[in-house]
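At position 179 of the sequence shown (counting the first as 1) the number is 190 in my numbering, and the numbers step up by one without a gap. No residue lacks a Cβ here, since even glycine has one placed at the ideal position from N, Cα and C. Here the structure is a predicted model, which means the values were calculated and not measured. Read through the structure below, which is laid out as C-alpha cells, and then see the notes.
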Amino acid sequence: MEKKEPFQHAFKYQAWRQRLLDNQIRLRAVEDAYTHYGSDGTVLYSLVKLDARTPEGTALAPLCFIKGDAISVLVVLIDEETGDKFVLLVRQRRVCDGSETYEHPAGMIDEGETPFDVALRELKEETGLQIPPDNLIPLGSKAWFSATSTSDESLYFFYCECRMPGSDVRALHGKSTGKASEQEHTRLHIATFPEAHRLISNLHGILGHFLYVQATGDYETMKALSF
Numbered sequence: 012m013e014k015k016e017p018f019q020h021a022f023k024y025q026a027w028r029q030r031l032l033d034n035q036i037r038l039r040a041v042e043d044a045y046t047h048y049g050s051d052g053t054v055l056y057s058l059v060k061l062d063a064r065t066p067e068g069t070a071l072a073p074l075c076f077i078k079g080d081a082i083s084v085l086v087v088l089i090d091e092e093t094g095d096k097f098v099l100l101v102r103q104r105r106v107c108d109g110s111e112t113y114e115h116p117a118g119m120i121d122e123g124e125t126p127f128d129v130a131l132r133e134l135k136e137e138t139g140l141q142i143p144p145d146n147l148i149p150l151g152s153k154a155w156f157s158a159t160s161t162s163d164e165s166l167y168f169f170y171c172e173c174r175m176p177g178s179d180v181r182a183l184h185g186k187s188t189g190k191a192s193e194q195e196h197t198r199l200h201i202a203t204f205p206e207a208h209r210l211i212s213n214l215h216g217i218l219g220h221f222l223y224v225q226a227t228g229d230y231e232t233m234k235a236l237s238f
C-alpha cells in the first residue's frame, strides 16, 4: 500500500466539510475515529466524531460516516424475441446482517469523476456489460441522501435497457464478477421485475424501480410489483 493520505486532506472529507460550511454549520472539532484506505493509500470512507453547531445554536449528531457520493444503475435486460423484461442484480453477502443481498450495480464517486462516468465504469466492472453512453439514462437531476442522521452518502440513479437474445440473458445468470482484492465476491442474478422487487432489501434499490417506472411510463410493470 502506498503512503496514506491524512483523512482531513481527502476529497470526500473536504466535500462533506464544505457542505456543512455552506449551510452555516460551525465545526468546532473533528476527530478521526476510523478511516479505511484503498490500496493506493486514498481514503475510501471515514467515521468521524464531531462537535458542530447549527445557526440556531443546537448541536448536530456527534458521529458521521463519511462515504461521499455514489451511483446506482438499474439494468433492464429485454429479450428481443419476446419483449420480456428482466432485472440484472448483483448477489453478495453484506455486513448489515451477513445475508446474501440482491442489489443494482453501484459504486462510489472519487475525486475528478462524474456520476455518469462512474456509472459506465461500474456497469462494466460489476456485470461485464459495456453499453453505448447514450443508453445510460439519469433518473432525476440530483442525488438523494441514504441516511441523513448518520452519513453524508448520497446516490445518483441511472438506468439502461439492453436488448439481447434470451439465451444471452440466461447466460448471465450466476456469472461470477467483482474484484476480490476489493472484497467484492459477487455473482449476477437475473430476475423478472416482480422477483427483483421482492429480492431487493435496500431502500435505494426499491427507489430505483419506482424512478424507472415513472421515467418510462411502464405502469403495467408497476402494477405487478409487490413486497
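Quick check: residue i and residue j, are their CB atoms within less than 9 Å of each other?
i, j, result
"residue 111", "residue 216", "no"
"residue 63", "residue 30", "no"
"residue 166", "residue 184", "no"
"residue 138", "residue 85", "no"
"residue 121", "residue 22", "yes"
"residue 132", "residue 123", "no"
"residue 134", "residue 147", "yes"
"residue 157", "residue 116", "no"
Measuring alpha carbon to alpha carbon, tell me which residue in the options is nearest residue i.
i, options, result
"residue 176", "23, 88, 18", "88"
"residue 234", "211, 219, 210, 204", "204"
"residue 95", "210, 202, 224, 225", "202"
"residue 81", "206, 223, 153", "153"
"residue 155", "140, 126, 135", "126"
"residue 178", "50, 93, 188", "93"
"residue 16", "228, 97, 91, 48", "48"
"residue 129", "169, 34, 102, 105", "169"
"residue 41", "25, 55, 103, 50", "25"
So, at 6 Å on beta carbons, what are the nonlocal neighbours of residue i in its own chain, with the 5 sequence-adjacent residues on each side left out?
i, result
"residue 163", "27, 77"
Can you tell me where the beta strand (DSSP E) with residue i in it begins and where it stops?
i, result
"residue 90", "80-90"
"residue 60", "54-64"
"residue 96", "96-104"
"residue 71", "It is not in any beta strand (DSSP E) - residue 71 carries neither H nor E in the DSSP assignment."
What residues in its chain sit with their C-beta under 8 Å from that of residue i, if we drop five residues either side in the sequence?
i, result
"residue 75", "27, 58, 59, 61, 161, 162, 163"
"residue 35", "65, 66"
So residue i is in the alpha helix (DSSP H); what residue range does that whole segment cover?
i, result
"residue 51", "That residue, residue 51, is in no alpha helix (DSSP H); it is neither H nor E in DSSP."
"residue 183", "177-183"
"residue 234", "230-235"
Could you tell me which uninterrupted alpha helix (DSSP H) segments, each at least 4 residues in length, are contained entirely in the region 106-175, listed from first to last along the chain? 126-138
Could you tell me which uninterrupted beta strand (DSSP E) segments, each at least 3 residues in length, are contained entirely in the region 194-222, listed from first to last along the chain? Runs found: 197-203.
List in chain order: all unbroken beta strand (DSSP E) runs of 3+ residues lying wholly within the region 16-49. 37-48
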